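For the sequence shown, my numbering begins at 68 and goes up steadily by one.
Okay, so here's the structure we're looking at.
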Amino acid sequence: MAANMNSELKLVEVTPRDGLQNEKEILSTHDKLSLVESLVEAGFKEIEVTSFVNPKFVPQMHDAWEIASKLYNKHPGVTFSALAPNEKGAAKAVEACVDQIGVFISATETHNQKNVNMSKIESLRNIEKISSLAVNNNIKLRGYIVVAFDCPYEGRVSFKDILEIYKELEECGIEEVSLGDTTGSADPLYVKEVVNTIKEKGENRSDLALHFHDSQGMGLANIFSAYQEGARIFDGSVGGVGGSPVTPGAGGNVAMEDMVNMFEKMEVKTDISLDILVDLAKDLENKLGRVLPGKLAKTWEKSKDYY
68 MAANMNSELK LVEVTPRDGL QNEKEILSTH DKLSLVESLV EAGFKEIEVT
118 SFVNPKFVPQ MHDAWEIASK LYNKHPGVTF SALAPNEKGA AKAVEACVDQ
168 IGVFISATET HNQKNVNMSK IESLRNIEKI SSLAVNNNIK LRGYIVVAFD
218 CPYEGRVSFK DILEIYKELE ECGIEEVSLG DTTGSADPLY VKEVVNTIKE
268 KGENRSDLAL HFHDSQGMGL ANIFSAYQEG ARIFDGSVGG VGGSPVTPGA
318 GGNVAMEDMV NMFEKMEVKT DISLDILVDL AKDLENKLGR VLPGKLAKTW
368 EKSKDYY
């Protein structure tokens, strides 16, 4: 039976990090901070703002320290998160006083090697070190399982592999685990099976997040499927920006304004301003110099009268 459709929802905005990390046009620090401020104004309480990666490989995140440190203690009640691929990056995140550190591991060996040049066992040991650092500094942790549904190199990921990593991340002290459909090729029925398998194994679905890319146009359907089965935490980005440099064919994230619109039409309260989100999507299109895949911003002026 489907879960209570009116229980609490949490939407995590990942535009400043996941959305921008693969863009050719690099936004200025000022524009990134302005984007974060607008997301706060729109009503988001969880925002992934940057990543402490080597700027040689991800130049879009060259200003991670400045972004994180300038947001420190600026908006009480809002969690600003930064991704850290290793202990060195996590130490910088701690110094910048982030509220939460995000760690990640691929569901398959091949993708993990291509993504971070480490085996899965090495990545887990790395996460354990980051976890200790975070706990010692009273910083929350969020974990991502990359290519959690389908891998471009090894194909469909088994329930066994997903559950194994899920449990290992929880044992590392991860408070919230986000399953990433990095390839954007998951389908609603498989998503339903995954969420229910996690439930049946006794895992806590209140800590389960879903991170869908919309490569094949099934992002919203997958979100709805997961929501029906009790998942209540979903990631998204303005305009549907995003992608993965080591995942061939990966599209952007599900457009946050499209997701909010779907939930609001379903009478699921989001407390997010669609007007601000649509304006942000249009502004981001101009700044990035390309048409974004999100749908609502293209029809908002005509459709908003229906609310």
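From the three backbone atoms N, C-alpha and C, an ideal C-beta is built for every residue, glycine too.
Values in this document were obtained by computation on a predicted structure and should not be read as measured data.
query: Pick out whichever of Glu231, His142, Val258, His278 has its Cα sitting closest to the Cα of Lys268.; result: Glu231
query: Give me the Cα-Cα distance between Gln283 and Asp248, rounded to the nearest whole angstrom.; result: 11 Å
query: Can you name the residues that DSSP bridges to Asp274?; result: Answer is none; Asp274 lacks a bridge partner.
query: Please state whether DSSP places Tyr220 in a helix, a strand or coil.; result: coil
query: Alpha carbon to alpha carbon, what distance is there between Leu87 and Val358?; result: 14 Å
query: When the Cα atoms are used, what is the spatial distance from Glu92 to Val321?; result: 20 Å
query: Could you tell me which whole alpha helix (DSSP H) segments of length 4 or greater appear in the stretch 202 to 252?; result: 226 to 238
query: So, at 8 Å on beta carbons, what are the nonlocal neighbours of Met68 in its own chain, with the 5 sequence-adjacent residues on each side left out?; result: Residue placement at Met68 is poorly supported in this model, since its pLDDT is 35, which falls under 50; the coordinates still yield a value, given next. Excluding positions up to five away in sequence, the list is empty.
query: Tell me whether Gly356 is buried or exposed, calling it buried when 16 or more other Cβ atoms sit within 10 Å of its Cβ.; result: exposed
query: Take Asp254 as the anchor and find which of Thr175, Ala288, Glu352 has the nearest alpha-carbon.; result: Ala288
query: Give every residue of the same chain whose Cβ lies closer than 6 Å to the Cβ of Asp85, excluding the five residues on either side of it in the sequence, and list them in chain order.; result: Gly309
query: Take the Cβ of Phe279 as the centre, count every other Cβ of all protein chains shown within 10 Å, and call the residue buried at 16 or more, exposed below.; result: buried
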